[in-house]
Amino acid sequence: MSIPRFLDLPACVRPLNIQTPLGAVAALRATPASGGAEHQPALLVPGYTGSKEDFIALLETLARAGRSVTAIDMPGQYESPGLPDPAQYTPAGLGRVIGEVALTLDDGPVHLLGHSFGGLVTRETVIEGAVPLLSYTLMSSGPSAIGGSRARDAGGLVAALGAERTRARLEEVWTQHLEEPTRASGVDPEIHAFLRRRMLANHPEGLVRMAEALLAAPDRTADLARRAELPMLVLYGENDDAWPPEAQAAMAETLGAERVVVPGAAHSPNVEAPETTAQALTAFWNRTEKMPGLPV
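For the record, in the sequence shown the residue sitting at position 148 is 148 according to UniProt numbering, with numbers rising by one throughout.
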């Protein structure tokens, strides 16, 4: 889970709801403060228990480079409604929704980015190949199921919710297991209130299904590597504590992807080193748009 350091939206960012054939998706969209968008748009997808707010610190810098940037809540996350069929809370099911969102960005093919669990979801969008893309970035996301303390946290949340997957039970879980650790972490009271509000707004069934997917994801690197024509970037913090940096480096090599290691960052370079991360993304996206033969 990324913990944003501030919630105030820059002047160039506005909230909106994106309508797709698979349902509405809540989003934040940043546009260049002056002039039109000179570059192709980007779509940012958060991780498990995350939200579009995880990208606030990036949005203004990315837009300033001359492109529209949209960050979303996946279905069942925070302000996006849950899916009518719980069986669709899989990387493949959620990946189809991401594809539909990308098609609504009518400025042309997009640069797609998935953070953490969002990487496991968006790679399904890429593998399916139904949506034209300009590039694909895996940010702090690994080749397969998550492990270590992050896996224990996800498994613990599933166990705590149990069979009673209701919002009332989710509130009990927050009070019993998450309230004090969050407060003890020293976050600002405004951020603490946001984290509580975001967790309780999540669809409980979606939380369980997505956690199960995160804990059981197969390695699909070979399938993703078949999209060799699509420029790819693997970006992660040097101290990532979710997927080991060496696993992400090996994945990048298999994919033939560019690789950026963000100094001083851990699992959320979008929060921990936003300027460095934004500069790396902008440089990659700009290089991609200059490549011959891409559908710009």
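All C-beta atoms, glycine included, are put in the ideal place defined by N, C-alpha and C.
So, under 8 Å CB-CB, Pro-75 and Val-97 are touching, yes? Tell me the CB distance rounded to an integer number of Å. 6 Å
If Ser-141 sits next to His-115, beta carbons under 8 Å apart, how far is it from one beta carbon to the other, in whole angstroms? 7 Å
Leaving out the 5 sequence neighbours to the left and right, which residues in its chain are closer than 7 Å to Leu-58 when beta-carbon positions are compared? Asn-270, Pro-274, Thr-277 and Ala-278
Same chain, Cβ closer than 7 Å to Glu-253, five either side skipped, listed in chain order: none
Can you tell me the Cβ-Cβ gap for Pro-109 and Leu-94, rounded? I've got them flagged as a contact below 8 Å. Contact flag wrong, Cβ pair sits at about 20 Å.
When the Cα atoms are used, what is the spatial distance from Val-296 to His-39? Reliability of the predicted coordinates at Val-296 is poor, the pLDDT of 49 falling under 50, and no value is obtained from them.
Residue burial classification, Gln-19 (beta-carbon count within 10 angstroms, cutoff 16): exposed
Return the residue from the list Asp-188, Ser-185, Pro-204 and Ala-184 that minimises the CA-CA distance to Ala-168. Pro-204
Limits of the alpha helix (DSSP H) - the one that Asn-270 falls within: 269-272
How far does the alpha helix (DSSP H) with Pro-204 in it extend, from its first residue to its last? 204-216
Are the Cβ atoms of Leu-235 and Thr-137 separated by less than 8 Å? yes
Among the candidates Gly-129, Trp-285 and Arg-220, whose CA atom is the shortest distance from the CA of Ala-145? Arg-220
Closest by C-alpha distance to Gly-119, when choosing among Leu-7, Met-210, Pro-86 and Pro-10: Met-210
As an exercise, report each continuous alpha helix (DSSP H) stretch of at least 4 residues that is fully enclosed by the segment 230-278, in chain order. 245-255 and 269-272
Let me confirm a value: Phe-6 is counted as buried when at least 16 other C-beta atoms fall within 10 Å, else exposed. Which label applies? exposed
In DSSP terms, what Ser-135 is bridged to: His-111
For Val-13, is the classification buried or exposed, using 16 other Cβ atoms within 10 angstroms of its Cβ as the cut-off for buried? buried
Please report the distance separating the alpha-carbon of Gly-162 from that of Leu-207. 11 Å
Quick check: Ala-71 and Phe-55, are their CB atoms within less than 8 Å of each other? yes
Please report the residue range of the alpha helix (DSSP H) in which Leu-62 lies. 56-64
Give the single residue among Arg-198, Asp-188, Ala-184 and Gly-147 whose Cα lies nearest to the Cα of Glu-171. Arg-198
Would you mind giving the Cβ-Cβ distance between Pro-41 and Ser-68, rounded to the nearest angstrom? I have them listed as a contact below 8 Å. 4 Å
Tell me the DSSP bridge mates of Val-101? Val-101 pairs with nothing; no bridge assigned.
Proximal residues to Asp-223 (C-beta, below 7 Å), its chain only, five neighbours per side dropped: Ile-127
Of all the options Ala-193, Ala-201, Leu-178 and Thr-182, which has the alpha carbon lying nearest to the alpha carbon of Thr-166? Ala-201
Between Val-121, Val-261 and Asp-106, which has its C-alpha nearest Tyr-89's C-alpha? Val-121
C-beta contact flag for Ala-102 and Leu-43 at 8 Å: yes
Is the Cβ of Val-101 closer than 8 Å to any Cβ of chain C? Among the chains of the structure shown, chain C does not appear; only one protein chain is present.
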